[in-house]
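Protein sequence lines, in the order shown, are assigned to chains W and D.
The first sequence runs 1 to 303 under my numbering.
The second sequence runs 1 to 257 under my numbering.
From the three backbone atoms N, C-alpha and C, an ideal C-beta is built for every residue, glycine too.
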Amino acid sequence: MADLSVNLCGVPFKNPIIPASGVFGYGREYEAFYPLSRLGGIATKGTTGQRRTGNLAPRIAETPAGMLNSVGLQNPGIDAFIEKELPNLLTKDTVILANIAGATAEECAEVAAKLDSTDVHMIELNISCPNVKQGGAAFGTSCEMAAQVTAAVRRATKKPLVVKLSPNVTSITDIAKAVEAEGADAVSLINTLLGMRIDVRTRRPVLHNNVGGLSGPAIFPVAVRMVWQVANAVKIPIIGMGGVSSGEDAAELMMAGASAVQVGMACFTDPYAPVKIIDGLDAFLDQNKIPAVRDIIGTVQPW
Amino acid sequence: MSYTQGVFPIIEKRALAEDTFSMTLHCPAMAAAAQPGQFLHILPAGYGLRRPISIAGIDPDKGTLRIVFAVRGKGTDALAGMNVGDFMDVLGPVGHGFTLLPEAQHVVLVGGGIGVPPMLPLAAYYGARATAVSGFRSFRQVILQDDLAACGAQTIVCTEDGSAGDSKGFVTGPLEAMLSEGVDAVYACGPGPMLRAVADLCIRTGTYCEVSLEERMACGVGACLGCACRTKDENGNEQYLHVCKNGPVFKAEEVIW
Numbered sequence: 001m002a003d004l005s006v007n008l009c010g011v012p013f014k015n016p017i018i019p020a021s022g023v024f025g026y027g028r029e030y031e032a033f034y035p036l037s038r039l040g041g042i043a044t045k046g047t048t049g050q051r052r053t054g055n056l057a058p059r060i061a062e063t064p065a066g067m068l069n070s071v072g073l074q075n076p077g078i079d080a081f082i083e084k085e086l087p088n089l090l091t092k093d094t095v096i097l098a099n100i101a102g103a104t105a106e107e108c109a110e111v112a113a114k115l116d117s118t119d120v121h122m123i124e125l126n127i128s129c130p131n132v133k134q135g136g137a138a139f140g141t142s143c144e145m146a147a148q149v150t151a152a153v154r155r156a157t158k159k160p161l162v163v164k165l166s167p168n169v170t171s172i173t174d175i176a177k178a179v180e181a182e183g184a185d186a187v188s189l190i191n192t193l194l195g196m197r198i199d200v201r202t203r204r205p206v207l208h209n210n211v212g213g214l215s216g217p218a219i220f221p222v223a224v225r226m227v228w229q230v231a232n233a234v235k236i237p238i239i240g241m242g243g244v245s246s247g248e249d250a251a252e253l254m255m256a257g258a259s260a261v262q263v264g265m266a267c268f269t270d271p272y273a274p275v276k277i278i279d280g281l282d283a284f285l286d287q288n289k290i291p292a293v294r295d296i297i298g299t300v301q302p303w
Numbered sequence: 001m002s003y004t005q006g007v008f009p010i011i012e013k014r015a016l017a018e019d020t021f022s023m024t025l026h027c028p029a030m031a032a033a034a035q036p037g038q039f040l041h042i043l044p045a046g047y048g049l050r051r052p053i054s055i056a057g058i059d060p061d062k063g064t065l066r067i068v069f070a071v072r073g074k075g076t077d078a079l080a081g082m083n084v085g086d087f088m089d090v091l092g093p094v095g096h097g098f099t100l101l102p103e104a105q106h107v108v109l110v111g112g113g114i115g116v117p118p119m120l121p122l123a124a125y126y127g128a129r130a131t132a133v134s135g136f137r138s139f140r141q142v143i144l145q146d147d148l149a150a151c152g153a154q155t156i157v158c159t160e161d162g163s164a165g166d167s168k169g170f171v172t173g174p175l176e177a178m179l180s181e182g183v184d185a186v187y188a189c190g191p192g193p194m195l196r197a198v199a200d201l202c203i204r205t206g207t208y209c210e211v212s213l214e215e216r217m218a219c220g221v222g223a224c225l226g227c228a229c230r231t232k233d234e235n236g237n238e239q240y241l242h243v244c245k246n247g248p249v250f251k252a253e254e255v256i257w
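Below, the structure written as structure tokens:
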């Protein structure tokens with residue numbers, strides 16, 4: 001048994017594995033499989049100022065070694081989250097990262113301000129959702145907008161603030177530096193890559209939203225590259241994600257520079273994936289006689 | 001909700017019709033828990049997303065579940081390539097099934113194509129109180145009529161081209177005739193346009209009706225919100241429910257087509 005604990009922005013995690021926002025709802029469904037206390041943390045479904053109904057179906061399509069989704073931030077709104085979901089989550093003995101989003105910087109700040117007076121452990125600000133028309137990725141694809149929304153949310157809360165970055169940019173390091181300068185305590189990356197498929201028989205896109213976010217093992221090499229680049233560009237810690245499906249994948253992303261790792265599509269392939277990844281990471285460390293997982297963070301030896 | 005996820009052996013496999021296969025799995029915990037209308041969420045080897053496949057037979061005594069599925073794409077093609085003795089990765093039983101009405105005297109089970117299999121557990125429950133109206137494109141797709149009859153159900157087959165069965169055309173023809181005589185409930189599964197036509201007929205005649213829907217799905221347990229279905233609540237407000245957890249079975253009047 002290796003020491004799997006990590007510390008992110010002063011928040012202790014029992015292990016570095018966190019189901020990613022959007023795949024895990026508010027945790028209730030997966031509690032039927034294992035106690036949520038097994039997890040390092042949970043990034044909750046992206047929550048906005050008001051209830052959102054999301055996009056028309058189909059919202060899902062499998063692609064080679066991955067999938068497209070266009071759920072569109074369906075959520076009950078921040079007040080319902082704080083009243084009905086957060087109290088339950090806070091009893092689960094795991095770190096809760098409340099993922100938030102909004103159409104404007106003001107909406108994001110308002111949502112963060114409401115969370116500031118709760119006991120939630122961290123806020124993950126989504127500036128990178130590709131599936132909503134306003135806000136979302138629009139914030140995440142320019143340094144000015146990313147800085148502006150980060151600054152607004154920073155003023156609204158003293159909670160540790162993680163900003164979730166979009167990979168759909170020319171230079172993710174510039175965006176990471178811009179949010180770091182405005183007071184982000186950490187960054188998480190990568191959100192999904194914007195993609196599209198067309199049914200050639202009907203000539204219709206397979207997603208009703210036409211385009212959607214690509215995730216899964218197909219994007220893992222992009223995630224490793226971007227985490228590595230960002231790790232070399234900023235001083236704040238990184239939560240890595242993008243196609244992680246094994247303990248060794250998690251170790252790889254941590255060696256690239258991530259202090260913790262989120263798990264997305266793998267939860268759909270196998271509902272036990274986060275737990276198996278924790279066990280796999282532990283086994284990898286033991287086999288290689290590494291006493292503590294934090295000893296591997298950022299230890300890649302580039303050529 | 002309690003789920004089982006694991007690998008379970010295929011103990012029987014049969015080809016039923018063109019690109020349509022029946023498999024029986026030995027999975028005692030799931031067989032003990034399964035209800036008519038629920039489905040299994042099955043991972044084809046080498047794929048990242050599971051495929052929702054309706055349950056076509058429940059035998060808690062033998063500890064088995066039966067599935068019948070059509071090859072629709074590469075994932076279901078991979079499942080169809082599995083054989084007796086192979087182990088299938090299954091999450092289940094999943095979803096909210098059909099409402100069983102112990103007092104009902106006459107129910108109609110409307111299945112269209114690969115929507116027929118989930119009617120079979122209902123036929124097992126209702127026996128001679130059920131009439132199964134099954135629609136297919138042609139004789140090549142006709143499945144499960146002997147199985148439905150073995151449960152005691154009356155069977156009526158419709159084919160679009162008249163190449164098999166009692167009636168050329170759609171299932172709505174025989175259904176309309178039965179509705180005019182009064183039935184206690186209609187259960188339906190099949191293509192969207194068929195379900196909509198069945199739901200409209202039932203709403204018009206004031207007949208209780210449940211429909212089983214299909215949608216592209218990821219988690220299968222209600223977390224990812226991928227398999228959205230437009231519905232209205234009791235106050236008429238529009239809301240998205242999810243086929244995997246709130247469904248796949250919905251009351252006909254809930255669904256916005």
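Identity of the residues DSSP links to residue i by a beta bridge
{"i": "D59 (chain D)", "result": "D:T64"}
{"i": "M265 (chain W)", "result": "According to DSSP, M265 (chain W) bridges with nothing at all."}
{"i": "F92 (chain D)", "result": "As written in the sequence, residue 92 (chain D) is Gly, which differs from the Phe given in the question. DSSP output for G92 (chain D) lists D:T4 as bridge partner(s)."}
{"i": "T159 (chain D)", "result": "D:F136, D:K168"}
{"i": "P52 (chain D)", "result": "D:H41"}
{"i": "G41 (chain W)", "result": "W:V95"}
{"i": "R14 (chain D)", "result": "D:S22"}
{"i": "V291 (chain D)", "result": "Past the edges of chain D, shown from 1 to 257, lies residue 291 (chain D), and the structure says nothing about it."}
{"i": "N75 (chain W)", "result": "W:R52"}
{"i": "T67 (chain W)", "result": "The question names Thr, but residue 67 (chain W) in the sequence shown is Met. Partner(s): W:E62, W:S215."}
{"i": "M119 (chain D)", "result": "None, per the DSSP bridge assignment."}
{"i": "Y240 (chain D)", "result": "D:R230"}
{"i": "E258 (chain D)", "result": "The question about residue 258 (chain D) has no answer here: the residues shown for chain D are numbered 1 through 257."}
{"i": "D3 (chain W)", "result": "W:A292"}
Inter-residue CB distance, residue i and residue j (contact presumed, cutoff 8 Å)
{"i": "V187 (chain W)", "j": "V153 (chain W)", "result": "Contact doesn't hold; Cβ gap of about 13 Å is too wide."}
{"i": "E210 (chain D)", "j": "T99 (chain D)", "result": "6 Å"}
{"i": "L213 (chain D)", "j": "V110 (chain D)", "result": "About 14 Å separates the two Cβ atoms, so there is no contact after all."}
{"i": "C327 (chain D)", "j": "G182 (chain D)", "result": "Nothing about residue 327 (chain D) can be read from this structure; chain D reaches only from 1 to 257."}
{"i": "T47 (chain W)", "j": "N15 (chain W)", "result": "Contact doesn't hold; Cβ gap of about 25 Å is too wide."}
{"i": "S70 (chain W)", "j": "G257 (chain W)", "result": "So it is not a contact: roughly 30 Å between Cβ atoms."}
{"i": "L144 (chain D)", "j": "P117 (chain D)", "result": "7 Å"}
{"i": "H41 (chain D)", "j": "N246 (chain D)", "result": "About 15 Å separates the two Cβ atoms, so there is no contact after all."}
{"i": "S37 (chain W)", "j": "K114 (chain W)", "result": "Going by Cβ atoms, the distance from S37 (chain W) to K114 (chain W) rounds to 26 Å, so no, they are not a contact pair."}
{"i": "I17 (chain W)", "j": "P274 (chain W)", "result": "5 Å"}
{"i": "A57 (chain W)", "j": "E215 (chain D)", "result": "5 Å"}
{"i": "G41 (chain W)", "j": "I96 (chain W)", "result": "7 Å"}
{"i": "A65 (chain W)", "j": "R197 (chain W)", "result": "Actually they do not touch by this definition, with Cβ atoms about 14 Å apart."}
Exposure of residue i, with buried meaning 16 or more beta-carbon neighbours within 10 Å
{"i": "Q105 (chain D)", "result": "exposed"}
{"i": "V243 (chain D)", "result": "buried"}
{"i": "V111 (chain W)", "result": "buried"}
{"i": "P88 (chain W)", "result": "First, the residue type needs correcting, since residue 88 (chain W) is Asn and not Pro in the sequence shown. With fewer than 16 Cβ atoms within 10 Å of its Cβ, N88 (chain W) is classed as exposed."}
{"i": "W317 (chain D)", "result": "The question about residue 317 (chain D) has no answer here: the residues shown for chain D are numbered 1 through 257."}
{"i": "V7 (chain D)", "result": "exposed"}
{"i": "Y34 (chain W)", "result": "exposed"}
{"i": "E160 (chain D)", "result": "exposed"}
{"i": "R72 (chain D)", "result": "exposed"}
{"i": "T170 (chain W)", "result": "exposed"}
{"i": "M1 (chain W)", "result": "exposed"}
{"i": "I203 (chain D)", "result": "exposed"}
Contact list for the stretch 20-36 of chain W against chain D, Cβ threshold 9 Å: G22, V23, F24, G25, Y26, G27, R28, E29, Y30, A32, F33
Inter-stretch contact at 8 Å, needing at least 3 Cβ pairs: the stretch 20-27 of chain D / the stretch 272-292 of chain W: no
Proximal residues, the stretch 225-240 of chain D versus chain W, C-beta separation under 9 Å: L225, G226, C227, A228, C229, R230, E238, Q239, Y240
Near-chain W residues of the stretch 6-21 of chain D - C-beta to any C-beta below 7 Å: none
Against chain D: residues of the stretch 257-272 of chain W by CB proximity under 9 Å: M265, A266, C267, F268, T269, D270, P271, Y272
Positions along the stretch 207-219 of chain D whose CB lies within less than 8 Å of some CB in chain W: E215, R216, M217, A218, C219
Cβ contact check for the stretch 227-247 of chain W and the stretch 262-279 of chain W: 3 or more pairs under 8 Å: yes
Members of the stretch 71-91 of chain W that neighbour chain D once the beta carbon cut-off is set at 8 Å: V71, Q74
Any 3 or more C-beta pairs closer than 8 Å across the stretch 215-227 of chain D and the stretch 192-200 of chain D: no
The stretch 140-159 of chain W in contact with the stretch 207-221 of chain W per 3-pair CB rule at 8 Å: no
The stretch 290-300 of chain W contacting the stretch 43-61 of chain W, beta-carbon criterion three pairs below 8 Å: no
The stretch 105-117 of chain W: positions lying closer than 9 Å to chain D by Cβ: none
The stretch 142-151 of chain W in contact with the stretch 176-191 of chain W per 3-pair CB rule at 8 Å: yes
Contact residues within the stretch 147-162 of chain D, judged by C-beta distance below 8 Å to chain W: none
Proximal residues, the stretch 45-57 of chain D versus chain W, C-beta separation under 8 Å: Y47, G48, L49, R50
Residues, ordered as in the chain, of the stretch 168-185 of chain W that lie near chain D by beta-carbon distance below 7 Å: none
Residues of the stretch 49-66 of chain W with Cβ closer than 8 Å to any Cβ of chain D, in chain order: T53, G54, N55, L56, A57, P58, R59, I60, A61, E62, A65, G66
Residues from the stretch 90-115 of chain D in contact with chain W, defined by Cβ distance under 9 Å: L91
Short-range partners of chain D found in the stretch 212-228 of chain W, where Cβ spacing is below 8 Å: G216, P217
Proximal residues, the stretch 168-195 of chain D versus chain W, C-beta separation under 7 Å: none
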